[in-house]
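Only one structure is covered here, and it is reproduced in the block below.
Chains as they are written, first to last, in this note's numbering: chain D, 679 to 766; chain F, 679 to 766; chain A, 679 to 766; chain P, 679 to 766.
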């Protein structure tokens with residue numbers, strides 16, 4: 679990852695950590711489950727956006743370099759692994 | 679949420695927070711994006727399990743009580759909202 | 679399902695079947711994979727909307743009646759099964 | 679797509695079409711919504727497997743050739759579009 683991307687990812691991680699601390703407080707204060715679930719859904723969406731950013735960077739750097747460097751089998755195998763893992 | 683469920687949810691939240699701290703370290707150390715993505719996928723799955731636990735408790739308590747207490751429109755509306763939000 | 683819902687679901691199924699026949703044609707004509715994938719994504723979204731309609735009807739009828747009739751364990755167990763299956 | 683892949687994709691499409699016809703019959707016979715939903719979930723999973731096959735072929739052919747042919751911006755842009763569309 680280049681410096682700009684890393685800073686962006688770290689900023690997004692800090693946001694997720696803060697959001698998660700808020701959820702912990704909601705659980706400790708015994709707030710309504712439906713409201714807590716709406717927050718955890720939002721946290722997962724924030725993580726997905728962070729993943730999209732990392733994937734974008736990965737495709738533009740490692741994947742292009744890997745394929746140009748004759749390692750297409752490895753980089754494509756990794757992408758297919760990620761695809762399968764992501765769908766569970 | 680009853681006490682046992684709340685403790686379980688808090689334990690799962692602590693696990694997610696620890697996992698997220700590990701991801702932050704991986705990003706700071708500039709580890710391979712593919713490895714970081716595998717970890718964030720695992721974090722989302724852990725959050726989904728926590729959500730399933732909360733939904734289980736919610737259905738067995740608030741939803742049953744709401745319907746028995748004549749508030750079926752409200753509790754079912756909330757479930758459909760959650761369903762839509764979850765699919766985005 | 680009441681008659682209006684059933685007609686709506688059948689109409690949506692006919693749409694999905696037509697869309698799928700279009701995809702088959704695209705594959706037979708060897709069209710670009712990226713374009714075919716965009717169509718299969720749209721088909722899955724159409725199926726998800728159909729599912730949301732069926733779930734809506736199910737919650738408003740069978741679930742309310744089941745809980746009022748003292749069968750909350752069964753109907754809630756079924757909802758949790760669906761939730762788990764849907765997340766795979 | 680090469681011939682073997684196309685035949686595989688067409689075979690999978692035929693399976694999905696048959697499965698969908700079964701669901702239509704279930705709806706027409708007014709079968710239990712929960713049972714119908716389990717079938718539509720299975721249909722979406724079958725479509726996802728078909729998509730994974732197509733993506734596999736796409737990465738190994740068009741993406742590698744595109745990057746080697748100096749069109750990395752285009753093929754990577756398409757992959758990111760698919761990723762976003764797939765997550766909605």
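Don't be surprised by glycine CBs; every beta carbon is placed ideally from N, CA and C.
Where residue i falls, given that 16 or more other Cβ within 10 Å makes a residue buried
i, result
"residue 718/F", "buried"
"residue 763/F", "exposed"
"residue 706/D", "exposed"
"residue 700/A", "exposed"
"residue 743/P", "exposed"
"residue 747/D", "exposed"
"residue 756/P", "buried"
"residue 735/D", "buried"
Whole-angstrom C-beta distance between residue j and residue i, which should lie under 8 Å
i, j, result
"residue 715/P", "residue 733/A", "7 Å"
"residue 711/D", "residue 679/F", "7 Å"
"residue 737/P", "residue 728/D", "Rounded, the Cβ-Cβ distance is 23 Å, inconsistent with contact."
"residue 698/P", "residue 687/A", "Contact flag wrong, Cβ pair sits at about 12 Å."
"residue 725/P", "residue 754/A", "With 8 Å as the limit, residue 725/P and residue 754/A do not qualify as a contact, their Cβ atoms being about 29 Å apart."
"residue 685/P", "residue 708/A", "Wrong, their Cβ atoms sit about 12 Å apart, outside the cutoff."
"residue 766/D", "residue 766/A", "5 Å"
Proximity test, residue i beta-carbon vs the ligand FMN heavy atom, cut-off 7 Å
i, result
"residue 689/P", "In the structure on display, the ligand FMN does not appear, and there are no ligands present to speak of."
Notebook entry, point to check: Using a beta-carbon distance cut-off of less than 9 Å, what residues from the stretch 697-711 of chain A approach chain P?
Noted result: 698, 699, 701, 702, 705, 706, 708, 710 and 711
Notebook entry, point to check: If contact means a Cβ-Cβ distance below 8 Å, which residues of the stretch 729-749 of chain A contact chain P?
Noted result: 729, 732, 733, 735, 736 and 740
Checklist line | Contact set between the stretch 753-764 of chain D and chain P, restricted to residues whose Cβ is under 8 Å from the partner | finding: 754, 757, 758, 761 and 762
Next item on the list: Could you run through the stretch 715-727 of chain D and flag, in chain order, every residue whose CB is less than 9 Å away from some CB of chain F?
Entry: 715, 716, 718, 719, 720, 721, 722, 723, 725 and 726
Next item on the list: Closer than 7 Å, Cβ to Cβ, to anything on chain D: give me those residues from the stretch 683-696 of chain F, in chain order.
Entry: 684, 687, 688, 691, 694 and 695
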